[in-house]
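Just below is one structure, and these are the notes that go with it.
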DNA sequence: GACATTCATGCAAATTCTTGCATACAGAGA
DNA sequence: TCTCTGTATGCAAGAATTTGCATGAATGTC
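Protein chains in written order, with the working numbering: chain A, 2 to 125; chain B, 2 to 125.
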């Protein structure tokens, strides 16, 4: 049997995933790192709202951020959460990992110069 | 990308797991079916409270019930939830599946006659 | 230094969830 | 039928979450 304190930790993690917006954010981030403005354009939610959900994920150690100029890129760091996403949403197809979709409404560096970014991701 | 409506469904499922008591119930039920009074003794929570959590799981199609005399036995029916539990809590060891622990405070049929029940589970 | 851009934070109202308790229901036995 | 046992349901108070909005901090540009 799993101990009671462990169960609390696991429940906390499940609770983080039990939110449509956070789940969608993680579904995006497990494919490739993205900046806040990209997530904003992708999800169609106000930026402070996105940031707030990202903070919860960050404080739980599920995602981490890295600044690049004015932009802050978030990426998935928790391998167990990645495994849960795989189990629930299905695995990420090999091609999807480097497939960054340039959004019409997004003006982030990745969308502005998608090709160069693609190369950086592949060689990383 | 997973569609938005799917994400809502998945988030709902994760939300169900994001609760210590429900998670513990599922951790028990994935090992073997148990009656309500057994869960009550095991979790140390009032019976109406257990029933209420079981209802949520039942209405979501995660568990199902079957009556045996006065007792109602619940078992896990959602294979995807089982997979999530495996991914998060680790797989159930082969021996655990038939290992029903007779509880001192529990007077359910399974606890009253643990040996006979064991045999039934193995041959089932 | 002034200003624009990108993101983070703080706060509050509305909603939802949690939890406990009283009570209703159903089946079994006398 | 009456009662007892095991379980389900309804309801309400309190707690936590969600969501929107205003504003603040940090960084790059002119």
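All C-beta atoms in this analysis are idealised placements derived from N, C-alpha and C, irrespective of residue type, glycine included.
Only a predicted model underlies this, so the values are computations on that prediction, with no experimental measurement involved.
Contact set for residue 61 of chain A: own chain, Cβ-Cβ below 6 angstroms, skip 5 residues either direction: 17
Rounded C-alpha distance that separates residue 21 of chain B from residue 3 of chain A: When rounded, the distance between both Cα atoms is 11 angstroms.
Residue-level contact to chain B via CB, residue 119 of chain A, 8 angstroms cutoff: Any reading at residue 119 of chain A must be qualified, since the residue scores a pLDDT of 45, below 50, and its modelled position is unreliable; no value is offered.
Contact the segment 35-49 of chain B vs the segment 73-80 of chain B: 3+ CB pairs below 8 angstroms: yes
Distance between residue 65 of chain B and residue 108 of chain A (C-alpha atoms, nearest Å): 49 angstroms
Chain B contacts made by the segment 16-29 of chain A, where a contact means CB separation under 7 angstroms: For chain B, the residues of the segment 16-29 of chain A that bring a beta carbon within less than 7 angstroms of one of its beta carbons are 16, 18, 19, 20, 21, 24, 25 and 28, in chain order.
Opening and closing residue of the beta strand (DSSP E) in which residue 65 of chain A lies: 64-69
Entirely enclosed alpha helix (DSSP H) segments - the segment 22-61 of chain B, minimum 4 residues: 37-44 and 48-60
Straight-line gap, residue 28 of chain A to residue 14 of chain B (C-alpha atoms, nearest Å): Rounded to the nearest angstrom, the two C-alpha atoms are 15 angstroms apart.
Segment limits, beta strand (DSSP E) that includes residue 78 of chain B: No beta strand (DSSP E) holds residue 78 of chain B; DSSP gives it neither H nor E.
Backbone CA spacing between residue 97 of chain B and residue 87 of chain B [nearest angstrom]: 13 angstroms
C-beta contact flag for residue 23 of chain B and residue 83 of chain B at 8 angstroms: no
Cross-chain neighbours of residue 42 of chain A in chain B, by beta carbon under 8 angstroms: Per Cβ cutoff of 8 angstroms: no residues; residue 42 of chain A is ~14 angstroms from chain B at best.
Cβ of residue 85 of chain B within 8 angstroms of any chain A Cβ: Interface with chain A (8 angstroms Cβ-Cβ cutoff): residue 85 of chain B is included.
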